[in-house]
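Numbering (the working numbering), first residue to last: 48 to 337. All residues carry an ideal CB built from backbone N, CA and C; glycine is no exception. Remarks on the structure that follows.
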């Protein structure tokens with residue numbers, strides 16, 4: 048063992064459900080595990096990803112105070128044990144932004160328990176959600192399978208953080224307000240009326256970027272923002288239950304001379320949609336490595 052790292056041990060990667068990794072994609076990775084967050088509808092607690100879209104949005108519409116909860120320390124311990132049982136003694140745990148959830152903190156508590164059992168867990172704050180988190184988890188998994196060290200993987204993840212941008216247009220700030228994840232965008236509450244807030248996740252926190260008069264203008268501003276970030280390694284569109292918004296984004300890309308065929312589509316999980324609402328539309332852009 049060297050500096051806590053068990054040499055020659057298979058490295059597993061653990062992430063959380065806000066990465067929005069589909070079951071089909073997850074099945075391709077033999078060293079990647081996902082810990083679910085929870086959606087809370089009044090007194091009913093449901094693991095992220097259990098409900099169908101129709102079931103989830105019906106509950107979201109009818110719940111008086113929908114909210115979410117981070118995975119408990121116990122849930123992380125359970126998943127870390129699964130990795131250990133599969134031969135891992137080194138685990139890289141990549142979570143959503145520590146400023147948006149207690150997920151990172153709870154993973155840290157669990158890591159302390161695993162250390163007593165000779166399993167070393169290395170925490171990494173992705174500073175993002177959705178594809179911004181998923182990209183980091185998938186890259187870590189691929190590098191681990193190629194034999195990269197913990198140090199090499201974490202260095203690559205830190206570089207990815209610096210090259211990632213997440214921008215989202217919301218139909219309303221109400222869902223963020225109810226869930227307590229509004230951050231610096233709080234100053235816009237009560238002043239938007241028919242304006243659509245455009246927010247950016249920067250340094251792990253939701254921050255106000257600009258406002259748009261209506262959906263079409265919001266889409267144009269989103270694409271404008273993506274265009275300023277090139278050249279890009281990846282561009283992914285994320286949404287709640289808003290396929291028409293995705294189509295509008297693709298059309299605007301064509302108008303602005305971008306290639307919509309390179310656009311990845313990543314539906315949001317229920318936990319993210321609790322805070323963003325059904326008509327949230329945004330993108331994750333990852334700049335090419337310099």
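By Cβ distance, which residues of its chain are closer than 6 Å to residue i, with the 5 residues on each side in sequence left out?
i: residue 107; result: 113
i: residue 304; result: none
i: residue 59; result: 78, 130, 135, 138
i: residue 133; result: none
i: residue 286; result: 292, 293, 328
i: residue 183; result: 141, 173, 204, 207
i: residue 161; result: 127, 168
i: residue 199; result: none
i: residue 218; result: 324, 326
Please say whether residue j and residue i have beta carbons closer to each other than 9 Å?
i: residue 176; j: residue 65; result: yes
i: residue 156; j: residue 123; result: yes
i: residue 78; j: residue 191; result: yes
i: residue 140; j: residue 62; result: yes
i: residue 195; j: residue 68; result: no
i: residue 251; j: residue 147; result: yes
i: residue 253; j: residue 329; result: no
i: residue 96; j: residue 316; result: yes
i: residue 279; j: residue 205; result: no
i: residue 269; j: residue 299; result: yes
i: residue 104; j: residue 314; result: no
i: residue 295; j: residue 331; result: no
In this structure, what does DSSP give as the bridge partners for residue i?
i: residue 329; result: 215, 285
i: residue 113; result: 88
i: residue 321; result: For residue 321, which the question treats as bridged, DSSP gives no partner whatsoever.
i: residue 140; result: 61, 170
i: residue 94; result: 85
i: residue 243; result: 259
i: residue 107; result: Beta-bridge pairing links residue 107 to no other residue.
If you measure from the beta carbon of residue i to each beta carbon in chain C, is any gap under 9 Å?
i: residue 252; result: No chain C is present in this structure, which holds just one protein chain.
If I measure Cβ to Cβ from residue i and keep anything under 8 Å in the same chain, skipping five residues before and after, which residues do I get?
i: residue 92; result: 85, 86, 116
i: residue 143; result: 63, 65, 66, 150, 151, 173, 175, 176, 180
i: residue 98; result: 86, 106, 317
Would you mind working out which of the options sits nearest residue i, comparing C-alpha positions?
i: residue 100; options: 184, 321, 332, 170; result: 321
i: residue 222; options: 318, 201, 331; result: 318
i: residue 76; options: 187, 261, 258, 309; result: 187
i: residue 307; options: 111, 283, 198, 316; result: 283
i: residue 158; options: 262, 275, 125; result: 125
i: residue 263; options: 243, 333, 119, 313; result: 243
i: residue 121; options: 103, 111, 153; result: 153
i: residue 255; options: 290, 213, 178, 288; result: 213
i: residue 102; options: 288, 57, 260, 323; result: 288
i: residue 89; options: 111, 145, 98, 72; result: 111
i: residue 145; options: 178, 193, 201, 248; result: 248
i: residue 178; options: 265, 337, 72, 336; result: 72
i: residue 277; options: 337, 267, 290; result: 337
Can you tell me whether residue i is buried or exposed? The criterion is at least 16 other CB atoms within 10 Å of its CB, across all chains shown.
i: residue 82; result: buried
i: residue 209; result: exposed
i: residue 74; result: exposed
i: residue 171; result: buried
i: residue 163; result: exposed
i: residue 109; result: exposed
i: residue 211; result: buried
i: residue 220; result: buried
i: residue 302; result: exposed
Taking 7 Å as the limit between beta carbons, can you name the residues of its chain near residue i, skipping five residues before and five after?
i: residue 94; result: 83, 85
i: residue 297; result: 307, 310
i: residue 273; result: 282, 330, 332
i: residue 118; result: 63, 82, 83, 84, 150, 153
i: residue 57; result: 78, 134, 135
i: residue 80; result: 59, 61, 126, 129, 130
i: residue 197; result: 52, 58, 137, 139, 169
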